[in-house]
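Numbering (the numbering used here), first residue to last: -1 to 303.
Glycine included, each C-beta is placed from N, C-alpha and C at the ideal position.
Scroll down for the structure; my scribbles are underneath it.
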Amino acid sequence: MIKNWGDHSGRCLVEQEGISVIECERCRFKHIIPLPEEAEKREFYEQTFYSEYSEDYIAKHAQDADWWLIEHNEKYDKYEALLGHQAPYRLLDIGSGPGYFLKAGNDRGWLTRGIEPGEAAWRYSTSHLGLDVAHDYFTAANFSTFGTFDVVHMNNVLEHIVDVTATIEQIAHITREGGLIAITVPNDFNPLQTIAAETTGKGPWWVVPEQHINYFNLQSLQSLLRRSGFEPVYHTTSFPLEMFLLMGDDYIGDNTLGRAFHQRRKRFEMVLDRHGKNELKRAVYDAFSALGIGRQVTVLGRKNA
């Protein structure tokens, strides 16, 4: 069934309490309709999301710090290999959370800056870690005030943004020529997810309209970057957690069980790290991304001259 809302039209994939997820022909990625107003979205985050989730998120991030550091350093290794010029490199992290990614960059000699609207995460990153983080949203009104950067990074942010195209175009303005945009988003509607949704009978549990407006895969994310002046130069993914569901371990809606499977994934990756096999792990995940599987998808794009 085709659904229409204003200039947005496409095949309806999911309907949920008056909200539809469509494969939008105009935007060329999946998103909900009707789209929320920006003020409405901010009200939800400021009154509900940040107050209910931030403290728990920070605590879990601190517990996983050793595992996160492996991932963060892999990212910086890749950026340095692609940038090719001499340090110091400059990086902006939009939605910088508790700040551990920025700290990893600082420890490598990068000049980092963050922007974080969540009160608890911003306070932790500035007061506890001593980082340069603005307590704000990244907007049309302020994006030009941050300066220019070699890398602009967004991890699990783009799915929450109302006007995705405008945001990527704003990032292009503050990325130096030859610099990189680094985007990680949930890899939703992926093949393992859709099979798991059918086998468990629970449907598309990853569709959460009050939080996630947009739903990407590798192809739609690459297309978005190309239209905004970036040429994709690398893609990868993360551990395909849906494999546990296909093995009969149903963690959907069970935070305790979900956390336990996250610990298994952590152990798998940290054992490979201890044995010097990160390149093997990365080769596997890179291959997964080409097949469209993995819980998240990451694309690096180089700004065109």
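Alpha-carbon to alpha-carbon, residue j and residue i
| i | j | result |
| --- | --- | --- |
| H133 | R293 | 29 Å |
| D252 | L244 | 16 Å |
| K73 | E196 | 34 Å |
| A149 | R40 | Checking the sequence, you will find Val at residue 149 rather than Ala. Looking at the two C-alpha atoms, the distance is approximately 26 Å. |
| F242 | A285 | 19 Å |
| Q168 | L156 | 13 Å |
| R174 | I159 | 23 Å |
| T143 | I0 | 41 Å |
| G246 | T198 | 9 Å |
| V231 | D271 | 25 Å |
| Y87 | E15 | 46 Å |
| N188 | P207 | 18 Å |
| F27 | S218 | 5 Å |
| I166 | A303 | 16 Å |
| T146 | I172 | 5 Å |
| G103 | L278 | 23 Å |
| L239 | R263 | 8 Å |
| L255 | D248 | 8 Å |
| G128 | D54 | 20 Å |
| R257 | L289 | 26 Å |
| S18 | L33 | 10 Å |
| G116 | V162 | 20 Å |
| A85 | H273 | 29 Å |
| E78 | F259 | 32 Å |
| E13 | S287 | 27 Å |
| F42 | R280 | 36 Å |
| E35 | L11 | 22 Å |
| I291 | A170 | 28 Å |
Cutoff 7 Å; reference residue i; Cβ partners in own chain excluding five residues on either side
| i | result |
| --- | --- |
| W204 | P184, D186 and Q191 |
| E23 | S7 and G8 |
| N140 | D134 |
| D5 | R24 |
| R225 | none |
| G201 | A195 |
Residue burial classification, residue i (beta-carbon count within 10 angstroms, cutoff 16)
| i | result |
| --- | --- |
| I20 | buried |
| N212 | buried |
| A194 | buried |
| M152 | buried |
| H306 | Shown here, the chain extends from -1 to 303; a query on residue 306 therefore has no answer. |
| F136 | buried |
| K101 | buried |
| D105 | exposed |
| Q261 | exposed |
| L90 | buried |
| Q61 | exposed |
| Q220 | buried |
| H126 | exposed |
| G177 | buried |
| F266 | exposed |
| H70 | buried |
| N2 | exposed |
| H210 | buried |
| L222 | buried |
| G82 | exposed |
| L216 | buried |
Residue i: first and last residue of the uninterrupted alpha helix (DSSP H) it sits in
| i | result |
| --- | --- |
| R224 | L216 to R225 |
Contact set for residue i: own chain, Cβ-Cβ below 6 Å, skip 5 residues either direction
| i | result |
| --- | --- |
| E228 | Note that residue 228 corresponds to Phe in the displayed sequence, not to Glu. Here the set comprises I179, G299 and K301. |
| P96 | I56, H59, A119, Y122 and S123 |
| T296 | T182 and T234 |
| L109 | P86 and R88 |
N-terminal and C-terminal residue of the beta strand (DSSP E) that residue i is part of
| i | result |
| --- | --- |
| E38 | That residue, E38, is in no beta strand (DSSP E); its alpha helix (DSSP H) goes E36 to F42. |
| C25 | Counting along the chain, C25 falls outside any beta strand (DSSP E), and DSSP gives it neither H nor E. |
| E13 | H6 to Q14 |
| L298 | Q294 to K301 |
| I291 | That residue, I291, is in no beta strand (DSSP E); it is neither H nor E in DSSP. |
| N154 | First-last for N154: undefined, no H or E at that position. |
Close beta carbons around residue i, own chain, < 8 Å, minus the five adjacent residues each side
| i | result |
| --- | --- |
| V131 | S94, G97, L100, R111, G112, I113, E114, W120, S123 and T124 |
| M268 | D64, W65 and I68 |
| R154 | Arg is not the amino acid found at residue 154; the sequence shown has Asn there. These residues qualify, in order along the chain: G93, T182, V183, P184 and Q294. |
| N276 | I68, E72 and L270 |
| L80 | L178, V231, Y232, L298 and R300 |
| E38 | none |
| A138 | A164 and Q168 |
| K76 | Y232 and L298 |
- Message: If we require 4 or more residues per run, which alpha helix (DSSP H) segments fall completely within the segment 157 to 230?
- Response: 162 to 172, 189 to 198 and 216 to 225
- In the segment 78 to 151, which residue ranges form an unbroken alpha helix (DSSP H) of at least 4 residues, counting only runs that do not cross its ends? 98 to 105 and 117 to 121
- alpha helix (DSSP H) segments (min. 4 residues) lying fully within the segment 223 to 281: 240 to 244 and 253 to 272
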